[in-house]
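Residue numbers for the sequence shown follow my numbering, so the first one is -5 and each next one is one higher.
We put the beta carbon where it would ideally sit given N, CA and C, even for glycine.
Notes follow the structure.
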Amino acid sequence: MPVMSTARGAAIGFDVFGEPDAPPMVIIQGFSAQRIGWPTGLCEALSDRGFRVVRFDNRDTGQSERYPAGGYSLVDLARDTLALLDDLGLESAHIVGQSMGGMIAQLVATIAPSRVRSLGLLYTTASTRHFVDVDDAVARIEAPQPSTRAEFIAAYLISEANCASTAYPQDTAWLADLGGQMWDRGVDQDGVNRQLAALLAFPDAIDAARTISVPTAIIAGDADRLISFRASEELHAAIPGSTLRIFPGMGHEVPGALWGEIAGIVADNARRAERQRA
-5 MPVMSTARGA AIGFDVFGEP DAPPMVIIQG FSAQRIGWPT GLCEALSDRG FRVVRFDNRD
55 TGQSERYPAG GYSLVDLARD TLALLDDLGL ESAHIVGQSM GGMIAQLVAT IAPSRVRSLG
115 LLYTTASTRH FVDVDDAVAR IEAPQPSTRA EFIAAYLISE ANCASTAYPQ DTAWLADLGG
175 QMWDRGVDQD GVNRQLAALL AFPDAIDAAR TISVPTAIIA GDADRLISFR ASEELHAAIP
235 GSTLRIFPGM GHEVPGALWG EIAGIVADNA RRAERQRA
């Protein structure tokens, strides 16, 4: 798993799926999540559809650099994404983000529209207005934090239960393994708090979303208990030519049973963009 120094001087951990000459697709993680939270099976489903998939750790998570001074915004995380493209020698890429990663993806598209071939926005929003029960999330973060690997895994499973779908079983065995890997790779609670500050300071960006002109696929679940699927409906109404798919009973996650279908939606949208570029 490479760790590289970006043009902005920050270390970013990333890895790649797919052929080197395939159209690039950069996938952005959500709040406090590490890149390994993008399931390998989903990454492979995207690469099998003809894309070079790059997943990476946002600043203050996983193997990427820590920013103890804080004071950054989601715009800075968007610029980190652009710096990663620079260091990979990519003039442009398909950009996909889940949750907070989808908010970052929108910023990338509005800051540097020529760098974005298409957008895939998974259970995300253009405004914190659509966050559900923020006080509960903040309280859990401010509570005493786990001090051992076992404690972290147990706490992580409780946290992920809030993301669960109603129509699909949550893979708790995979999540327990993921939690252990996250602990081993480095969990930084101060970094989580800095990301939270950036997330909650995100300004309403629905007007900016109206300027997005690349093919955009929007995906959400109507059982999401963290970000209302109404946010995706709002984005769909704002972004010209976008497509919207609301999965009944899906929560704030991509269930294994939907990897193929969701990868297909994202890939079809990206192929549409490739045809427009030809």
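CB contact flag (residue i, residue j, <8 Å)
i: residue 51; j: residue 185; result: no
i: residue 100; j: residue 199; result: yes
i: residue 173; j: residue 147; result: yes
i: residue 68; j: residue 196; result: yes
i: residue -2; j: residue 74; result: no
i: residue 76; j: residue 106; result: yes
i: residue 84; j: residue 18; result: yes
i: residue 231; j: residue 124; result: no
i: residue 25; j: residue 229; result: no
i: residue 209; j: residue 235; result: yes
i: residue 39; j: residue 253; result: yes
Cα-Cα separation, residue i to residue j
i: residue 264; j: residue 62; result: 37 Å
i: residue 154; j: residue 64; result: 26 Å
i: residue 8; j: residue 133; result: 31 Å
i: residue 71; j: residue 163; result: 32 Å
i: residue 270; j: residue 239; result: 22 Å
i: residue 193; j: residue 142; result: 27 Å
i: residue 167; j: residue 272; result: 44 Å
i: residue 161; j: residue 251; result: 10 Å
i: residue 233; j: residue 130; result: 31 Å
i: residue 121; j: residue 108; result: 24 Å
i: residue 79; j: residue 10; result: 13 Å
i: residue 31; j: residue 169; result: 9 Å
i: residue 119; j: residue 144; result: 33 Å
i: residue 140; j: residue 175; result: 15 Å
i: residue 249; j: residue 237; result: 20 Å
i: residue 149; j: residue 135; result: 11 Å
i: residue 29; j: residue 96; result: 14 Å
i: residue 227; j: residue 127; result: 19 Å
i: residue 27; j: residue 0; result: 20 Å
i: residue 213; j: residue 223; result: 9 Å
i: residue 171; j: residue 102; result: 32 Å
Presumed contact (8 Å Cβ cut-off) between residue i and residue j, rounded CB distance
i: residue 159; j: residue 91; result: Rounded, the Cβ-Cβ distance is 19 Å, inconsistent with contact.
i: residue 178; j: residue 60; result: Actually they are not in contact, since the Cβ atoms of residue 178 and residue 60 sit about 17 Å apart, beyond 8 Å.
i: residue 46; j: residue 14; result: 6 Å
i: residue 267; j: residue 88; result: 7 Å
i: residue 22; j: residue 98; result: 5 Å
i: residue 257; j: residue 111; result: Their Cβ separation, rounded to whole angstroms, is 17 Å, which puts residue 257 and residue 111 out of contact at 8 Å.
Coarse secondary structure for residue i, derived from DSSP in three states
i: residue 219; result: coil
i: residue 124; result: helix
i: residue 33; result: coil
i: residue 88; result: strand
i: residue 50; result: strand
i: residue 110; result: strand
i: residue 214; result: strand
i: residue 11; result: strand
i: residue 238; result: strand
i: residue 233; result: coil
i: residue 248; result: coil
i: residue 79; result: helix
i: residue 69; result: helix
i: residue 144; result: helix
Close beta carbons around residue i, own chain, < 6 Å, minus the five adjacent residues each side
i: residue 114; result: 90, 211 and 260
i: residue 12; result: 41, 45, 46 and 47
i: residue 241; result: 215
i: residue 86; result: 109 and 111
i: residue 207; result: none
Own chain residues within Cβ distance below 7 Å of residue i, not counting five before or after
i: residue 246; result: 93, 117, 157, 218, 219, 220 and 221
i: residue 205; result: 104
i: residue 16; result: 44, 45 and 46
i: residue 165; result: 250
i: residue 49; result: 8, 9, 21, 29, 32 and 37
Close-in-space but distant-in-sequence residues of the same chain around residue i (CB under 8 Å, 5 per side omitted)
i: residue 66; result: 53, 188 and 192
i: residue 262; result: 211
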